[in-house]
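Novice: In UniProt numbering, the protein residues as written are 1 to 126.
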Amino acid sequence: MTSHYAEHPAMFRNNPLGFILAVILIPAAIGILILMVWYLKCKSTLLEINDNEIILEQGLLSKERTELNVSGIRTVKIKQSLFNRLFGVGTLSVYTAGDNPEIQVHGMPRPEVFRDLVKARQSDAE
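1) For the alpha helix (DSSP H) that contains Met36, what are its first and last residues?
2) Whole angstroms is fine: what's the gap from Arg121's alpha carbon to Asp51's?
3) Pick from Gly98, Asn100, Lys79 and Glu102: whose alpha carbon is nearest that of Thr91?
4) Could you say if the segment 89 to 105 and the segment 52 to 69 meet the contact criterion of at least three C-beta pairs nearer than 8 Å?
5) For Ala22, which residues of its own chain have a beta-carbon under 8 Å away from its beta-carbon, when the five flanking residues on both sides are left out?
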């Protein structure tokens, strides 16, 4: 098992039909624009877990950074459609206290690895 997770949302694997449609629209020039915006949106989001923290960085020009201590995490929820499961991506939601997730990121590769790392870090802290 890997001991580190630092991933950007996936483009093609998260929405293969949208990706194919954007490629088809390249001759109309709108496809290039869609792919560029989509690529920048994916690359400007980074979810990372290191020793005792989960860090979510979002934004290209202005940044938003959310940091959570692993010991304060109550639940990690993974949501995957059939296509998401086939392509190995999913929506990660991280809950601390309350009913709303502190962190929610769509299209993350290997979401089960992220969940397993959180559980391992929590058991190491006990």
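Glycine residues also receive a C-beta, built at the ideal position from the N, C-alpha and C atoms.
Specialist: In short, the structure shows the following:
1) Ile30 to Lys43
2) 7 Å
3) Lys79
4) yes
5) Gly31, Ile34, Leu35 and Trp38
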